[in-house]
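A short worksheet on the structure shown next.
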Ligand code: GLC
Ligand code: CA
């Protein structure tokens with residue numbers, strides 16, 4: 172079947188279902204809530220939804236621990252509600268992609284329960300190893316969430332590998348039966364009518380043979396031995412040929428630590444391409460050391476360097492996925508913008524990424540400028556990784572320092588319920604929300620943003636409509652200016668008889684600004700801005716402007 176690459180003309184919206192909208196009053200977001208909000212999603216100008224996992228799950232990692240791949244969790248409304256949402260989305264010309272989480276399952280998955288008991292054919296579905304002589308762990312790898320990557324199972328009398336939580340055992344992808352299961356899952360959902368997949372930590376599925384000790388990395392030991400492993404391309408090819416090739420679908424692979432060169436192995440547009448887009452992490456590392464989220468001051472230069480690297484690196488060869496937020500990172504205004512200039516900086520951030528080449532993703536709440544959450548008590552955090560960091564890691568550091576670190580780094584900041592109104596429970600639920608609300612919901616909410624023509628929400632709508640109307644954004648060249656400026660981001664897109672100049676200030680202080688040589692602003696049309704006028708020669712705090720020559 173021909174792959175029409177429909178994703179190149181669409182903007183996606185990511186839904187993290189627990190916190191999007193509760194439809195039945197039990198305090199937990201669900202598909203009934205999504206159904207209610209389909210028109211809202213459409214009103215953003217969006218043409219696709221990525222659903223974080225909706226499958227039955229014990230919820231140790233909020234759904235990324237799946238216990239049944241072929242169903243929808245009852246608390247989200249089950250298959251019936253999903254089919255209704257899918258139909259409602261398609262009726263609005265919104266594509267739907269699912270999260271495919273096959274590096275690991277939940278320990279409650281039937282496969283794991285049978286594997287522990289050595290019931291065939293499941294015995295080798297997971298990565299089991301006996302203790303080393305003397306009782307030691309099979310190797311020195313670390314879990315990315317909690318402690319070491321090995322857990323002893325009494326029933327089986329062996330250790331199993333878990334790169335994430337203890338309750339997320341890694342599948343043994345070297346077993347052809349497991350790969351058959353993956354293809355079955357892909358076909359199941361594609362046959363149901365979904366349009367593609369976001370593939371969770373898919374670059375981790377092929378571990379180095381023999382599972383050797385890691386002698387290089389001081390932390391996250393093992394990462395270099397299982398990320399982009401020896402059989403990854405082969406397995407992705409098998410999934411492509413054995414399932415994806417038969418459907419006009421799209422795939423988006425999560426690629427921690429990936430660089431352009433490695434990404435091209437999978438996404439380069441030539442025969443043998445097995446993935447459509449990659450979620451790279453370089454754009455998420457402008458204020459931290461990514462592997463362990465150690466906070467560093469925000470560096471606009473670092474961010475621009477990452478953007479330019481991917482824009483240039485994929486130009487004419489492959490397609491970028493663009494994002495500022497998802498469920499794994501704190502809120503971007505708090506990180507790269509300014510809470511003091513919440514709306515202005517939110518707009519500048521939006522303009523800075525929406526006019527690059529690629530398919531933009533907007534994460535729920537990003538469009539109204541939700542910000543980080545600063546709970547006073549570490550017990551209020553829910554996320555398994557966050558809790559481990561506070562309660563078990565670096566415990567010699569003071570509680571204040573550790574709490575501050577969570578404020579900077581915890582992914583729970585992106586997981587508080589979406590703020591719909593300034594009413595009770597922010598309009599998220601009629602019951603008791605499963606998680607805390609960000610206290611700023613009285614001010615920051617969808618209803619208030621709808622009512623204010625200058626809101627970030629309306630700016631997103633305008634910016635998305637504009638990008639969709641400009642062929643130069645889809646296929647023009649990309650040229651970055653002022654690479655050494657730590658205070659502004661300036662780039663041009665040129666092609667299809669159009670020229671676009673995007674100018675974004677990232678500073679609370681006013682700065683001088685002169686257009687790059689050859690760009691005559693007096694001949695341009697100012698098609699998007701976040702102030703009501705545009706004086707020459709300067710940029711005000713977090714000012715952004717998009718100029719068009721056509
Ligand atoms: C991915 C997901 C994250 C999850 C992890 C383990 O990084 O985005 O939320 O915890 O994989 O599945
Ligand atoms: Ca609910």
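In this note's numbering, the protein residues as written are 172 to 721. Cβ atoms here follow ideal geometry from the backbone N, Cα and C, with glycine treated the same way. Just so it is clear, the structure is predicted and the values come from calculations on it, not from any experiment.
Checklist entry - Can we count residue 353 as close to ligand 1, meaning its CB is less than 8 Å from some heavy atom? => result Outside the cutoff, so no.
Item to check | Close-in-space but distant-in-sequence residues of the same chain around residue 249 (CB under 6 Å, 5 per side omitted) | outcome: Excluding residues within five positions, the ones whose Cβ falls inside 6 Å are 243.
Next on the checklist: Quick check on the burial criterion: 16 or more other C-beta atoms within 10 angstroms. Buried or exposed for residue 467?
Outcome noted: With fewer than 16 Cβ atoms within 10 Å of its Cβ, residue 467 is classed as exposed.
Item to check | 3-residue-minimum beta strand (DSSP E) runs that sit fully inside the stretch 347 to 375, ordered along the chain | outcome: Counting whole runs of 3 or more residues, the stretch 347 to 375 contains the beta strand (DSSP E) stretches 367 to 370.
Checklist entry - Near ligand 2, which residues have their beta-carbon less than 5 Å from any of its heavy atoms, given in chain order? => result Matched residues: 193, 195, 197, 199 and 201.
Checklist entry - Quick one: Cα of residue 650 to Cα of residue 632, how far? => result When only Cα atoms are considered, residue 650 and residue 632 end up about 25 Å apart.
Next on the checklist: Looking at the secondary structure, which residues open and close the alpha helix (DSSP H) in which residue 425 lies?
Outcome noted: Not the alpha helix (DSSP H): residue 425 falls in the beta strand (DSSP E), residues 421 to 425.
Checklist entry - Any idea if residue 563 is buried or exposed, counting beta-carbon neighbours within 10 angstroms, 16 or more meaning buried? => result When all chains shown are included, residue 563 counts as exposed.
Next on the checklist: Can you tell me where the alpha helix (DSSP H) holding residue 177 begins and where it ends?
Outcome noted: Residue 177: not part of any alpha helix (DSSP H); DSSP gives it neither H nor E.
Checklist entry - Out of curiosity, what's the CA-to-CA distance linking residue 426 and residue 694? => result Taking the straight line from one Cα to the other gives about 42 Å.
Item to check | Between the CA atoms of residue 371 and residue 405 - distance to the nearest angstrom | outcome: Residue 405 and residue 371: Cα-Cα distance of roughly 17 Å.
Next on the checklist: Excluding the 5 residues flanking residue 295 on each side, which residues of the same chain have their C-beta closer than 7 Å to its C-beta?
Outcome noted: Counting only Cβ-Cβ distances below 7 Å, and skipping sequence neighbours, we find 343 and 346.
Checklist entry - To the nearest angstrom, how far is it from the Cα of residue 599 to the Cα of residue 200? => result Rounded to whole angstroms, the gap between the alpha carbons of residue 599 and residue 200 is 8 Å.
Item to check | 4 or more residues per run - each alpha helix (DSSP H) lying fully within the stretch 482 to 553 | outcome: Whole alpha helix (DSSP H) segments, 4+ residues: 503 to 507 and 513 to 525.
Next on the checklist: Using a Cβ-Cβ cutoff of less than 7 Å, which residues in the same chain neighbour residue 256 once the five nearest sequence positions on both sides are dropped?
Outcome noted: Within the same chain, residue 256 has close Cβ partners 202, 205 and 206.
Checklist entry - residue 249 lies in the alpha helix (DSSP H); which residues open and close that run? => result Where residue 249 is concerned, the enclosing alpha helix (DSSP H) stretches over 249 to 262.
Next on the checklist: Rounded to whole angstroms, what is the Cα-Cα separation between residue 589 and residue 291?
Outcome noted: When rounded, the distance between both Cα atoms is 45 Å.
Checklist entry - Mind checking residue 623: buried by the 16 CB within 10 Å criterion, or exposed? => result Result: exposed.
Checklist entry - residue 465: which of 418, 565 and 720 sits nearest, CA to CA? => result The shortest C-alpha separation from residue 465 is found at 565.
Item to check | Segment contact, 8 Å Cβ cut-off, at least three pairs: the stretch 385 to 394 with the stretch 441 to 448 | outcome: Contact fails: fewer than three Cβ-Cβ distances are below 8 Å.
Next on the checklist: Among 173, 177, 305 and 682, whose alpha-carbon lies nearest the alpha-carbon of residue 418?
Outcome noted: Of 173, 177, 305 and 682, the residue nearest in Cα terms is 173.
Checklist entry - Just to check, is the beta-carbon of residue 459 closer than 8 Å to a non-hydrogen atom of ligand 1? => result It does not: the Cβ of residue 459 is nowhere closer than 8 Å to a heavy atom of ligand 1.
Next on the checklist: So for residue 286, helix, strand or coil by DSSP?
Outcome noted: Of the three classes helix, strand and coil, the one that applies to residue 286 here is helix, per DSSP.
Checklist entry - For residue 519, which residues from the same chain have a beta carbon less than 6 Å from its beta carbon, with the 5 sequence-adjacent residues on both sides left out? => result Within the same chain, residue 519 has close Cβ partners 675, 713 and 715.
Next on the checklist: What does DSSP give as the partner residue(s) for residue 299 in the beta ladder?
Outcome noted: DSSP lists 331 as partners of residue 299.
Checklist entry - Given that a residue counts as buried once 16 or more other Cβ atoms are within 10 Å of its Cβ, and exposed if not, what is residue 689? => result So residue 689 counts as exposed.
Checklist entry - Does DSSP put residue 204 in a helix, in a strand, or in coil? => result Residue state, collapsed to three classes: helix.
Next on the checklist: Does the beta-carbon of residue 181, which I'm using as the reference point, lie nearer than 8 Å to any heavy atom of ligand 1?
Outcome noted: Residue 181: no, Cβ never under 8 Å from ligand 1.
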